[in-house]
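All letters in the sequence shown, in the order written, are residues 6 to 441 by the working numbering. All C-beta atoms, glycine included, are put in the ideal place defined by N, C-alpha and C.
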Amino acid sequence: MEIRSSYDVIVVGAGIAGISAAVKAGRSGASVLLVEQYGFVGGMSTAGMVSPFMKHTVNGEVLVRGVFEDIEREMRAQNGMIDNGFYAHAFRSASFKLLSEAGCTMLLHAVIAGVQRNADRIESISILVAGRMVTVAGTVFIDTSGDAQLLFLAGLPWAKGDETSGKLQALTLFFRMGNIDLKKVTDYAVANRQEFFDWMDRSFDLTRIISVAGYFSTVKKAIAEGRLSADVQYIFFTTLPGSGEGSFNTSNILALDGSSSVDLTNAELAGRTQVHQVVTLLKNEVPGFENSYLIETAPQVGVRETRRAVGDYAVTGDDIKRGRKFDDSIARGCYGIDIHGQKDEESRMEHLPEGDYYEIPLRALLVKEAVNVLVAGRCISSTREGHSALRIQPTSSATGEACGALAALAARSNVPVRAVDVRTVQQQILHNITQR
Ligand SMILES: Cc1cc2nc3c(=O)[nH]c(=O)nc-3n(C[C@H](O)[C@H](O)[C@H](O)COP(=O)(O)OP(=O)(O)OC[C@H]3O[C@@H](n4cnc5c(N)ncnc54)[C@H](O)[C@@H]3O)c2cc1C
């Protein structure tokens with residue numbers, strides 16, 4: 006594989022947003038370079054081992070289709086997905102296949118380390134590849150690094166955390182366990198209602214994905230006896246395609262910033278300590294886990310929130326809660342405000358009224374002070390509340406796909422991203438927007 010000196014579209018970061026952007030731009034005929042620091046793609050979906058996909062259906066209508074559904078279809082074909090839960094390995098290979106078929110050039114094990122900017126235009130990026138710096142020019146750049154790395158390095162505007170306190174959402178290291186006796190687990194959950202969250206569906210059809218969340222008094226006792234970090238609030242897992250396997254979204258790492266290497270290092274250590282404590286607790290004290298074992302911890306701690314772009318429009322919590330619609334809509338979502346609280350901060354989950362959804366305007370993908378830069382996924386322009394809803398995987402895929410469509414159109418005509426007619430973009434992604 007040869008890396009060319011320039012591309013129509015350069016995508017920084019191969020999480021679900023970057024993959025969706027690259028695939029769409031590639032399918033639209035653009036030459037695409039996708040740069041990723043790890044040796045695999047998927048970001049939080051694989052490095053973070055986040056599963057399942059959050060809700061993206063309203064009144065039976067699927068709000069996110071396109072590249073997102075292609076990833077799902079490829080994972081199901083490998084028996085790597087059950088309902089909305091999936092394996093990281095299936096996500097990786099599904100995405101590699103789609104990216105290759107779309108003709109995208111992938112550069113893995115490559116860290117973006119510098120940006121060359123001329124006034125309101127990014128000209129090129131410097132990438133650290135095997136200890137040497139390579140410079141590649143581009144017509145349009147898409148920041149899907151999760152941490153707005155491209156904007157940060159370019160000196161373009163970004164925001165971080167809560168507008169008043171600066172707080173960032175808690176971090177979580179995912180892990181996976183096997184040989185769980187799910188019948189025993191669910192019998193216990195049915196018999197001990199008060200130990201679990203009310204929202205839990207207790208019909209427990211074991212041929213489908215199930216969620217188990219709570220074990221309140223077990224957790225409380227272990228914390229009181231010094232056997233579990235006081236930051237862990239409850240035990241939460243969902244099942245995976247393999248019988249008896251669970252994906253745990255349980256560790257709770259506070260007061261650390263996921264865009265700082267020093268804080269991330271501390272988070273990796275704290276997360277692994279918590280996982281060890283939780284696994285020991287489950288095996289020794291929780292019915293159904295007697296013969297279970299830890300299969301793996303995620304390669305990296307899960308980061309919910311760091312920097313986000315300051316764009317032409319910032320999607321607000323109000324837009325989410327009121328199900329606001331926009332003429333320049335490029336994606337839809339129905340997931341509510343979901344803030345995993347910090348020290349001295351309550352967690353918040355605020356759902357939309359049943360059956361409602363919101364739209365995401367194209368202007369939230371456009372970065373202030375830049376004519377050839379777009380953002381998607383976690384980097385989208387939003388307030389902290391807006392971000393907490395838009396960050397989920399289906400929505401990140403939809404905003405990524407919209408960026409890919411817009412970037413390819415702008416590159417083909419060699420015009421600033423704002424010069425592309427929004428209706429032309431919408432035509433390319435009709436499957437993700439309300440028919441107008
Ligand atoms: C603990 C946790 C639980 C969650 N639970 C759910 C859930 O149940 N369901 C759901 O749908 N969503 C969930 N989410 C949200 C969702 O997983 C993420 O917000 C979403 O996957 C983000 O996708 P992204 O593509 O924007 O960013 P990321 O997945 O973060 O991808 C960014 C990519 O950029 C790369 N990168 C960064 N900097 C550089 C650089 N300088 N050079 C090269 N590459 C770089 C990274 O390695 C990474 O691959 C959860 C998130 C977390 C952390």
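Any chance the CB of residue i is under 7 angstroms from a heavy atom of ligand 1?
{"i": "aspartate 236", "result": "no"}
{"i": "glutamine 347", "result": "no"}
{"i": "isoleucine 240", "result": "no"}
{"i": "alanine 115", "result": "yes"}
{"i": "alanine 19", "result": "yes"}
{"i": "arginine 396", "result": "yes"}
{"i": "phenylalanine 73", "result": "no"}
{"i": "tyrosine 43", "result": "yes"}
{"i": "phenylalanine 58", "result": "yes"}
{"i": "alanine 22", "result": "yes"}
{"i": "aspartate 443", "result": "Because the chain spans 6 through 441 in this model, residue 443 falls outside it and cannot be assessed."}
{"i": "methionine 49", "result": "yes"}
{"i": "asparagine 437", "result": "no"}
{"i": "glutamine 279", "result": "no"}
{"i": "leucine 88", "result": "For clarity, residue 88 is aspartate in the given sequence; the question names leucine instead. Aspartate 88: no, Cβ never under 7 angstroms from ligand 1."}
{"i": "arginine 309", "result": "yes"}
{"i": "glutamine 121", "result": "no"}
{"i": "proline 304", "result": "no"}
{"i": "arginine 383", "result": "yes"}
{"i": "alanine 52", "result": "yes"}
{"i": "asparagine 257", "result": "no"}
{"i": "valine 315", "result": "no"}
Nearest by alpha-carbon distance to residue i: which of the options is it?
{"i": "glutamate 406", "options": "Arg423, Ser418, Ala336, Arg396", "result": "Ala336"}
{"i": "phenylalanine 478", "options": "Gly231, Ala26, Gly251, Asp206", "result": "Since the displayed the chain opens at 6 and closes at 441, residue 478 lies outside it and no answer follows."}
{"i": "leucine 259", "options": "Ile240, Gln83, Leu269", "result": "Leu269"}
{"i": "valine 291", "options": "Val430, Trp204, Gly48, Lys188", "result": "Lys188"}
{"i": "leucine 357", "options": "Gly338, Arg396, Gly409, Leu370", "result": "Gly338"}
{"i": "methionine 354", "options": "Glu106, Val380, Gly391, Ser387", "result": "Gly391"}
{"i": "valine 443", "options": "Thr400, Ala369, Ser402", "result": "Since the first residue of the chain shown is 6 and the last is 441, residue 443 is not available in this structure."}
{"i": "isoleucine 21", "options": "Phe202, Gly151, Gly249", "result": "Gly151"}
{"i": "aspartate 236", "options": "Asn257, Lys226, Ala218", "result": "Asn257"}
{"i": "lysine 102", "options": "Ala153, Gly47, Leu156", "result": "Gly47"}
{"i": "asparagine 254", "options": "Thr169, Phe180, Val17", "result": "Phe180"}
{"i": "glycine 251", "options": "Ile127, Ser56, Gly65, Arg137", "result": "Ser56"}
{"i": "isoleucine 1", "options": "Glu364, Arg81, Glu106", "result": "This structure does not reach residue 1, given that the chain is present from 6 up to 441, and the question cannot be answered."}
{"i": "glycine 183", "options": "Arg32, Pro246, Phe96", "result": "Pro246"}
{"i": "phenylalanine 241", "options": "Tyr92, Tyr318, Phe221, Leu155", "result": "Phe221"}
{"i": "lysine 348", "options": "Gln238, Val120, Ala416, Lys373", "result": "Gln238"}
{"i": "arginine 277", "options": "Glu66, Ile117, Cys384, Glu301", "result": "Glu301"}
{"i": "aspartate 324", "options": "Ser297, Glu351, Glu364", "result": "Glu364"}
{"i": "phenylalanine 45", "options": "Arg97, Ser265, Val17", "result": "Arg97"}
On the three-state DSSP scale, how would you describe residue i?
{"i": "tyrosine 363", "result": "strand"}
{"i": "glycine 346", "result": "coil"}
{"i": "glycine 85", "result": "coil"}
{"i": "aspartate 152", "result": "coil"}
{"i": "alanine 124", "result": "coil"}
{"i": "arginine 232", "result": "coil"}
{"i": "threonine 169", "result": "coil"}
{"i": "methionine 138", "result": "strand"}
{"i": "arginine 441", "result": "Model confidence at arginine 441 stands at a pLDDT of 48, short of 50, so the residue's coordinates are unreliable; what they give is reported in the following sentence. Residue state, collapsed to three classes: coil."}
{"i": "leucine 269", "result": "helix"}
{"i": "threonine 429", "result": "helix"}
{"i": "threonine 302", "result": "strand"}
{"i": "histidine 436", "result": "helix"}
{"i": "glycine 44", "result": "coil"}
{"i": "methionine 59", "result": "coil"}
{"i": "phenylalanine 331", "result": "coil"}
{"i": "glycine 23", "result": "helix"}
{"i": "isoleucine 130", "result": "strand"}
{"i": "phenylalanine 91", "result": "strand"}
{"i": "arginine 309", "result": "coil"}
{"i": "alanine 99", "result": "helix"}
{"i": "glycine 409", "result": "helix"}
{"i": "phenylalanine 221", "result": "helix"}
{"i": "alanine 314", "result": "strand"}
{"i": "threonine 400", "result": "helix"}
{"i": "tyrosine 12", "result": "strand"}
{"i": "valine 319", "result": "Checking the sequence shown, residue 319 turns out to be alanine, not valine. Here alanine 319 sits in coil by DSSP."}
- Message: Would you call the region 271-284 in contact with the region 301-310, where contact means no fewer than 3 C-beta pairs closer than 8 angstroms?
- Response: yes
- Message: Contact between the region 211-222 and the region 337-344 is defined here as three or more beta-carbon pairs at a separation below 8 angstroms; is this criterion met?
- Response: no
- Message: Under 8 angstroms: do the region 32-49 and the region 103-111 share three or more Cβ pairs, one atom per stretch?
- Response: yes
- Could you tell me whether the region 367-381 touches the region 407-425, using the rule of 3 or more Cβ pairs below 8 angstroms? yes
- Message: Using a Cβ distance threshold of 8 angstroms, determine whether the region 308-318 contacts the region 169-183, with at least three qualifying pairs required.
- Response: yes
- Task: Answer yes if the region 233-251 comes into contact with the region 276-285, meaning at least three C-beta pairs across the two stretches below 8 angstroms, and no otherwise.
- Result: yes
- Please determine if the region 61-76 and the region 418-437 are in contact, where contact requires at least 3 C-beta pairs separated by less than 8 angstroms. yes
- Task: Count the C-beta pairs between the region 81-93 and the region 118-125 that are closer than 8 angstroms, then say yes if the count reaches three, no if not.
- Result: no
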